[in-house]
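Novice: Handing you this structure, nothing more for now.
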Amino acid sequence: MAASLTGLLKPWTPRVLLVRWSRYNPYYLEPGPRKEVYHIPETELTPEQKEERELKSVRPIKAATNSVTSSVFNDPVLSKFVNMMMKDGDKIIAKGIITQTLENMKRKQVEKYHKAPEGKKAEIECNPYAIFHQALENCKPVIGLTSIQKGGKFYQVPIPLTDNRRRFLAMKWMITECRDNKHRRTLMYEKLSQELLAAFSKEGNVVKRKHELHKMAESNRAYAHYRWW
Amino acid sequence: FLHYSLSIALPPLSYLVAQVRPLHGSGCGQQQEAVGMEMRPETFSIFRTQENDPDCQSEQHQGQYYTVPPSHFHTVFPHGLPPRYQQQVKTFNEGCVMVRQPALELISHLKRADYSKPTLRYLLYGVKGSGKTMSLCHTVHYCSTQGWLVLHIPDAHLWVKNCKELLPSSYHASRFDQPIQASNWLRNFRTTNENFLSKIKLRQRYVWTKRESTEEGQPLGELVDMGVSRVKSSSDVVGAVLKELRLQAGGTEGGFRLAVAVDGVNGLWGRTTLKKEDKSPVAPEELTLVHNLRKMINNDWCGGAVIATLSQTGSLYAPSSAYLPQELLGEEGFDSMDPFIPVPVSLYSEKEFESCYLYYLDRHWLQHPHSQTEEGKKELIFLSNRNPSVLERLCAFL
């Protein structure tokens, strides 16, 4: 609906329109905080980029959120993880836990690297960001289950998942696992780093949970035709 | 396995240029490492130096890292290093210290001082995280390699706060003893100065209880062992040890030089967070350990040096922006320390920052792909303002 109305909307139309989660008039463009885009000289722009630039000079732009930076170290997946870990809006604590986790992972790996013999050094991955992304990939389920009612009973039917849903499930499982299944005295960052390192090598409870979901979906294959979309 | 060739292709190749450095011939030639280590490749790295002896380091080594030999590490530094640095040593499997201007200045003063005159007191001061404790540790390493007796108090603030057991002193009615802190310190003192414990003989008889006493002429090691085992009288043992060392430091027969290194010296004057049983606050002079340490810092003895550091980090009732001697020591402290030689410790210069950055790259500590680019480096300079500890914390998660 918003797509069809875009042609009719003008800058003077009220900014606030209730469209799903966004309270912005769809006429407003997204902010682009990355600096590299603006450093490309005029001659090297593709036609799409030229069009985009012209559009940006005419249309109003939404305000950027606080979590978005032009820093080269900004990572959207990590920001999403921090937001999911946040409780009561306390992002400082959540970000602190994540930075401690990254440091802890890096320390463990770098220590292993320096003590390893020459041949084994290339196999040890020391980059905590690479480990984090790979671990998350290893935790993402390929297929999900949903409850569909047919003939008075509810069946667990296997369905395909969108990318966003898969990423959300992986992060959610990771966080709940680290919150619930740890010793009272283990700190969150310690448990998170252990789980992430385990998930990186495809071991650990989160990857096990993903495999169990896959097995359930496989066993309920017969009900797949209950899905009508 | 310490390999020095940079494996990451950095744009400025000048870092790998073989620097023609004149080999200084004053008897401190190139140090050959122990036979077990591999021979270093010929590329000179700009951030490391082969000169591992603090005696032979000079201005040309400024900004470069030297390695503390692993054999020295546990004897010279059982306590006293900052906790994050200890973690770093464990991770990198080596202990490297940067040669910086304040430490070089201190060491040159120590080399040229006259030890028959009353002790000189040096005070390291600077903003939070600028490297005061590390400079102190560098100087302590120098004193250790020169054969001095080192009295290293890792943090004087630990003695004026968070004390679980506060016993009334048996020696003096209105003072309080801290058995745990005293026995811990004595244990570390024993590790640092093993070779001196048998050589120094006591000059006085000390009576601990009706049945126990330490006779004149016995070695210092016995006194220290007694203090470690009999925890109740360990604070008095500390006092006795300090007194003996003070008397014997400048002696002509078998004289040794005494280095008193105190970190966070501003904790000795000021307030404590300890309370007596009637909830009234304890003043620092009512603690045996603090009382004896203050006597040590006075310049009424000779044959050594007192090197102190100010510290806001562990201090009590001091605002976080305070870093100057006047602010942190207070009136009483400043009058006791006066006259002293102030040594300011500044943030990293450009050369030192470069060195630190290259060291982290070499040790595979900067893992984020963007942190190895020019953009990332500029961002690090901006975010940390070249403050050593802030840079370390930033690089920890990048």
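Protein chains in written order, with this note's numbering: chain A, -13 to 215; chain B, 443 to 840. Cβ atoms here follow ideal geometry from the backbone N, Cα and C, with glycine treated the same way.
1) Closer than 8 Å is the cut-off here; do at least three beta carbon pairs connect the segment 734 to 747 of chain B with the segment 670 to 689 of chain B?
2) State yes or no: is the beta carbon of residue 839(B) nearer than 9 Å to at least one beta carbon in chain A?
3) Nearest chain A C-beta to residue 532(B) closer than 9 Å, yes or no?
4) With DSSP as the reference, identify every bridge partner of residue 631(B), one or two as the case may be.
5) Helix, strand or coil: which one does DSSP assign to residue 224(A)?
6) Helix, strand or coil: which one does DSSP assign to residue 72(A)?
7) Give a yes or no on whether 9 Å exceeds the smallest Cβ distance from residue 97(A) to chain B.
8) What do you reckon, are the CB atoms on residue 496(B) and residue 507(B) nearer than 9 Å?
9) Below 7 Å on C-beta distance, what does residue 101(A) contact in chain B?
10) What is the DSSP secondary structure of residue 569(B), reduced to helix, strand or coil?
11) Specify the secondary structure class of residue 202(A) as computed by DSSP and reduced to three states.
12) Run the CB neighbour count on residue 127(A), radius 10 Å, all protein chains shown included, and call it buried at 16 or more, exposed below.
13) CA-CA distance, residue 576(B) and residue 523(B)?
14) In whole angstroms, what separates the C-alpha of residue 835(B) from that of residue 639(B)?
15) Hey, how far is the Cα of residue 561(B) from the Cα of residue 698(B)?
16) Would a check of beta-carbon distances place residue 813(B) closer than 9 Å to chain A?
17) Which residues in chain B have a C-beta closer than 8 Å to the C-beta of residue 114(A)? List them in chain order.
18) Going straight from the alpha carbon of residue 729(B) to that of residue 531(B), what length do you get?
19) Looking at C-alpha atoms only, which residue of 610(B), 795(B), 703(B) is the closest neighbour of residue 566(B)?
20) So residue 140(A) is in the beta strand (DSSP E); what residue range does that whole segment cover?
21) Please confirm whether residue 39(A) has its beta-carbon closer than 9 Å to some beta-carbon of chain B.
22) Would residue 649(B) be called buried (16 or more neighbouring beta carbons within 10 Å of its own) or exposed?
23) Bridge partners of residue 618(B), per DSSP?
24) Excluding the 5 residues preceding and the 5 following residue 655(B) in the sequence, name in chain order all residues of the same chain whose CB lies nearer than 8 Å to its CB.
25) Given 8 Å as the limit, tell me if residue 616(B) has its C-beta closer than that to any heavy atom belonging to the ligand PLP.
26) Given 8 Å as the limit, is there contact between the segment 763 to 782 of chain B and the segment 581 to 588 of chain B, that is, 3 or more CB pairs closer than that?
27) Taking Cβ-Cβ distances shorter than 7 Å, what residues in chain A pair up with residue 571(B)?
28) Using a C-beta cutoff of 9 Å, does residue 57(A) count as contacting chain B?
29) Could you tell me whether the Cβ atoms of residue 713(B) and residue 602(B) are closer together than 9 Å?
30) Pick out whichever of 106(A), 133(A), 131(A), 125(A) has its Cα sitting closest to the Cα of residue 192(A).
31) Measure from the C-beta of residue 16(A) to each C-beta in chain B and report whether the shortest distance is under 9 Å.
32) Within 9 Å of any Cβ in chain A, is that where the Cβ of residue 588(B) sits?
33) When the Cα atoms are used, what is the spatial distance from residue 683(B) to residue 710(B)?
34) Could you tell me whether the Cβ of residue 805(B) comes closer than 9 Å to any Cβ of chain A?
35) Determine, using beta carbons only, whether residue 493(B) and residue 512(B) come nearer to each other than 9 Å.
36) Give me the Cα-Cα distance between residue 48(A) and residue 181(A), rounded to the nearest whole angstrom.
Specialist: According to the structure data:
1) Yes, the segment 734 to 747 of chain B is in contact with the segment 670 to 689 of chain B.
2) Stepping through the second sequence from its first residue, residue 839(B) is reached at position 397. Chain A contact via Cβ: present.
3) For the purposes of this step, residue 532(B) is identified with residue 90 of the second sequence, where counting begins at 1. Contact with chain A is found for residue 532(B), since one of that chain's Cβ atoms lies less than 9 Å from the residue's Cβ.
4) By 1-based counting over the second sequence, the position of residue 631(B) is 189. Looking at the DSSP assignment, residue 631(B) forms no beta bridge with any residue, so it has no partner.
5) The structure shown does not extend to residue 224(A), since chain A is modelled only from -13 to 215, so the question has no answer here.
6) For this step, residue 72(A) is matched to residue 86 along the first sequence. In this structure, residue 72(A) counts as coil in the three-state DSSP scheme.
7) Here residue 97(A) refers to the residue found at position 111 of the first sequence. Yes - at least one Cβ of chain B is within 9 Å of the one on residue 97(A).
8) Numbered from its first residue, the second sequence carries residue 496(B) at position 54. Numbered from its first residue, the second sequence carries residue 507(B) at position 65. Contact flag unset, no.
9) Here residue 101(A) corresponds to residue number 115 of the first sequence, with the count starting at 1. Below the 7 Å Cβ cutoff, chain B contributes 535 as neighbours of residue 101(A), in chain order.
10) Against the second sequence, residue 569(B) aligns to sequence position 127. It is coil, neither helix nor strand.
11) Taking the first residue of the first sequence as 1, we reach residue 202(A) at position 216. Judged by DSSP in its simplified three-state form, residue 202(A) adopts helix.
12) Locating residue 127(A) in the first sequence gives position 141, counting from the first residue. Looking at its Cβ environment, which holds 16 or more other Cβ atoms inside 10 Å, residue 127(A) is buried.
13) What you label residue 576(B) is simply residue 134 of the second sequence in a count that begins at 1. What you label residue 523(B) is simply residue 81 of the second sequence in a count that begins at 1. Roughly 7 Å separates the two Cα atoms.
14) For the purposes of this step, residue 835(B) is taken as the residue at position 393 of the second sequence. For the purposes of this step, residue 639(B) is taken as the residue at position 197 of the second sequence. Taking the straight line from one Cα to the other gives about 39 Å.
15) As a first step, residue 561(B) is located in the second sequence; it is residue number 119 there, counting from the start. As a first step, residue 698(B) is located in the second sequence; it is residue number 256 there, counting from the start. Between residue 561(B) and residue 698(B), the C-alpha separation is close to 14 Å.
16) Position 371 of the second sequence, counting from 1, holds the residue named residue 813(B). Answer yes: the Cβ-Cβ gap between residue 813(B) and chain A drops below 9 Å somewhere.
17) As a first step, residue 114(A) must be located in the first sequence, where it is residue number 128. Simply 809, 839.
18) Counting from 1 along the second sequence, the entry for residue 729(B) is found at position 287. Counting from 1 along the second sequence, the entry for residue 531(B) is found at position 89. Cα-Cα distance, rounded: 34 Å.
19) Here the question's residue 566(B) lines up with position 124 in the second sequence. Among 610(B), 795(B), 703(B), the Cα nearest to that of residue 566(B) is on 703(B).
20) As a first step, residue 140(A) must be located in the first sequence, where it is residue number 154. Counting along the chain, the unbroken beta strand (DSSP E) around residue 140(A) starts and ends at 139 to 146.
21) Counting from 1 along the first sequence, the entry for residue 39(A) is found at position 53. Residue 39(A) is outside the set of residues whose beta carbon lies under 9 Å from a beta carbon in chain B.
22) Locating residue 649(B) in the second sequence gives position 207, counting from the first residue. The residue in question, residue 649(B), is exposed, as its Cβ has fewer than 16 Cβ neighbours within 10 Å.
23) On the second sequence, position 176 is the one that residue 618(B) refers to. Answer is 610(B), 729(B), bridged to residue 618(B).
24) Stepping through the second sequence from its first residue, residue 655(B) is reached at position 213. The beta carbon of residue 655(B) sits closer than 8 Å to the beta carbons of 647, 648, 649 from its chain, once the five residues preceding and following it are set aside; these are given in chain order.
25) As presented, the structure is devoid of all ligands, the ligand PLP included, so that no description of it is given.
26) Result no; under three Cβ-Cβ pairs closer than 8 Å.
27) As a first step, residue 571(B) must be located in the second sequence, where it is residue number 129. Against residue 571(B), chain A offers no close residue; the least beta-carbon distance is about 17 Å (beta-carbon pairs closer than 7 Å).
28) What you label residue 57(A) is simply residue 71 of the first sequence in a count that begins at 1. Answer yes: the Cβ-Cβ gap between residue 57(A) and chain B drops below 9 Å somewhere.
29) Translated into the one-based positions of the second sequence, residue 713(B) becomes position 271. Translated into the one-based positions of the second sequence, residue 602(B) becomes position 160. Yes.
30) Taking the first residue of the first sequence as 1, we reach residue 192(A) at position 206. By alpha-carbon distance to residue 192(A), the top candidate from 106(A), 133(A), 131(A), 125(A) is 125(A).
31) Taking the first sequence and counting its residues from 1, the one referred to as residue 16(A) is at position 30. Taking a beta-carbon distance threshold of 9 Å, residue 16(A) does not count as an interface residue toward chain B.
32) Numbered from 1 along the second sequence, position 146 holds the residue referred to as residue 588(B). For residue 588(B), the nearest beta carbon of chain A is not closer than 9 Å to its own beta carbon.
33) Locating residue 683(B) in the second sequence gives position 241, where the first residue counts as 1. Locating residue 710(B) in the second sequence gives position 268, where the first residue counts as 1. The alpha-carbon atoms of residue 683(B) and residue 710(B) are separated by roughly 19 Å.
34) On the second sequence, residue 805(B) is found 363 positions in, with the first residue counted as 1. For residue 805(B), a Cβ of chain A is located within less than 9 Å of the residue's own Cβ.
35) One-based indexing of the second sequence puts residue 493(B) at position 51. One-based indexing of the second sequence puts residue 512(B) at position 70. No. Outside cutoff.
36) Residue mapping note: residue 48(A) aligns to position 62 of the first sequence, counting from 1. Residue mapping note: residue 181(A) aligns to position 195 of the first sequence, counting from 1. Here the alpha carbons of residue 181(A) and residue 48(A) stand approximately 38 Å from one another.
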